Amino acid sequence: MIRVERSALSSYASGLLAAGRGVFSADEAQKEIGIGRGAFLDAAERLQRRGQLLRPRRGFYVVVPPQHATTGAPPPEWYIDALMRHEKRPYYVGLLAAAAAHGASHQAVMEFQVVTDKLLPDIEAGRTRIVFSYRKDMAAVAAGIEDRKTQSGYMKLSSPELTALDLTRYPQSGAGLDNIATVFSELAERLQPEKLASLSSAFEKAVVQRLGHLLGRLGHPQIAETMFAALTARGSLPWVELDPKQAGDPDLSPPPSERDARWRVIVRRPPEIDE
Numbered sequence: 001m002i003r004v005e006r007s008a009l010s011s012y013a014s015g016l017l018a019a020g021r022g023v024f025s026a027d028e029a030q031k032e033i034g035i036g037r038g039a040f041l042d043a044a045e046r047l048q049r050r051g052q053l054l055r056p057r058r059g060f061y062v063v064v065p066p067q068h069a070t071t072g073a074p075p076p077e078w079y080i081d082a083l084m085r086h087e088k089r090p091y092y093v094g095l096l097a098a099a100a101a102h103g104a105s106h107q108a109v110m111e112f113q114v115v116t117d118k119l120l121p122d123i124e125a126g127r128t129r130i131v132f133s134y135r136k137d138m139a140a141v142a143a144g145i146e147d148r149k150t151q152s153g154y155m156k157l158s159s160p161e162l163t164a165l166d167l168t169r170y171p172q173s174g175a176g177l178d179n180i181a182t183v184f185s186e187l188a189e190r191l192q193p194e195k196l197a198s199l200s201s202a203f204e205k206a207v208v209q210r211l212g213h214l215l216g217r218l219g220h221p222q223i224a225e226t227m228f229a230a231l232t233a234r235g236s237l238p239w240v241e242l243d244p245k246q247a248g249d250p251d252l253s254p255p256p257s258e259r260d261a262r263w264r265v266i267v268r269r270p271p272e273i274d275e
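Taking this note's numbering, I'd label the letters of the sequence shown as residues 1 to 275.
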């Protein structure tokens, strides 16, 4: 009986793949196949052990196509939209994962970074780790979220402008200032000044100041001109550290090597670009 149920579930999963769909919920599979919850869970667990199914979240399953059997899962781009609809959360693929999608990835990105409005545990999906970052004000950056076509439909992706602001705001998610500066050296040509200025209003002044300084340092000051006008309209600018982490310990931090008077940014160690 178990073998029959496993075969039925396997056939159901294969049929979904053939129809161009690679995900399903436990409830819809049980209803379609006509088996109880216990029998379904037993069959699904066996298919998971055989590497034919992935369960990123309770009640949500991803069919692993034969061509992805060695990696243990299809790319997250194929199912992230369906997963977040299952979670009932707004989201966007962001940070280094978005930079890579925009062609600005200097090295392989091992984490698939997703921003949403709830603290969610990370997911191990084959050789990839899906990492969730928390943003309370998703609506404030809605203008910076795009629909990107994928193998199986669409996913929400941060625009180049939102990606740049997010990486500046969360340097630890961008593998540090040196890597972020390297990414910006490739991403800068995709930034649109008006869009950047408009989105910058959703970020703290310090974030905008740091990004403006970095763009100038990388030889793209013109991209940040409109953003600078929007920033100064918000009031006076305090002096901020380019890398607050460096200034955290007075005994270990190097003395300032330069001060950017325009953006009012203190630089203790200039970022190194990986050519």
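For glycine and all other residues, C-beta sits at the position ideal for the given N, C-alpha and C.
Remember, predicted model here, so these are calculated numbers, not experimental data.
query: S198 lies in the alpha helix (DSSP H); which residues open and close that run?; result: P193 to S200
query: Hey, is the stretch 111-123 in contact with the stretch 135-145, meaning 3+ C-beta pairs nearer than 8 Å?; result: yes
query: Might you give, ordered along the chain, the residues of its own chain that have their beta carbon closer than 6 Å to the beta carbon of A69, omitting 5 neighbours on each side?; result: G51
query: Compare the beta carbon distance of P193 and Q222 with 9 Å and say whether it is the shorter of the two.; result: yes
query: Taking DSSP's pairing of strands, which residues face A125 in a bridge?; result: T128
query: Between the C-alpha atoms of V183 and A104, what's the straight-line distance to the nearest angstrom?; result: 6 Å
query: Between the alpha carbons of G216 and D42, how many angstroms are there, rounded?; result: 58 Å
query: Which residues in the same chain as V267 place their Cβ atom closer than 6 Å to its Cβ, once the five residues preceding and following it in sequence are excluded?; result: L242, S257 and E258
query: Thinking C-alpha only, which one of R210, V93 and P90 is nearest W239?; result: R210
query: When the Cα atoms are used, what is the spatial distance from S185 to M155?; result: 25 Å
query: Any idea which residues DSSP pairs K149 with across the strands?; result: Y154
query: Going by beta carbon distance, what residues of the same chain come within less than 8 Å of G59, once the five residues before and after it are set aside?; result: S25, A26, D27 and H86
query: Rounded to whole angstroms, what is the Cα-Cα separation between S173 and Y92?; result: 15 Å
query: Ignoring anything shorter than 3 residues, give me the beta strand (DSSP E) runs that lie fully in the stretch 62-128, in order along the chain.; result: 91-93, 111-116 and 123-125
query: In the DSSP assignment, find the unbroken beta strand (DSSP E) run with I266 in it and report its ends.; result: V265 to V267
query: Comparing alpha-carbon positions, which option in I80, F112, E204 and P171 lies nearest P271?; result: P171
query: On the criterion of 16 or more Cβ atoms from any shown chain inside 10 Å, does P74 qualify as buried, or is it exposed?; result: buried
query: Going by CA-CA distance only, name the one from A39, L231, G15 and A101 that's closest to S159.; result: A101
query: Going by DSSP, what residues sit across from R37 in a beta bridge?; result: According to DSSP, which records beta bridges pairwise, R37 is partnered with nothing at all.
query: Is it buried or exposed, P121, if we count other Cβ atoms within 10 angstroms and call 16 or more buried?; result: exposed
query: Check each candidate in A261, R262 and P255 and name the one with the smallest Cα separation from R269.; result: P255
query: Check the DSSP bridge columns for L53 and list the partner residues they point to.; result: V63
query: Please state whether DSSP places E204 in a helix, a strand or coil.; result: coil
query: Straight-line CA distance for P130 to Q246?; result: Sequence inspection shows Ile at residue 130; the Pro mentioned does not correspond to that position. Whole-angstrom Cα-Cα distance: 29 Å.
query: Considering only the beta carbon of each residue, do V23 and V63 sit closer than 9 Å?; result: yes
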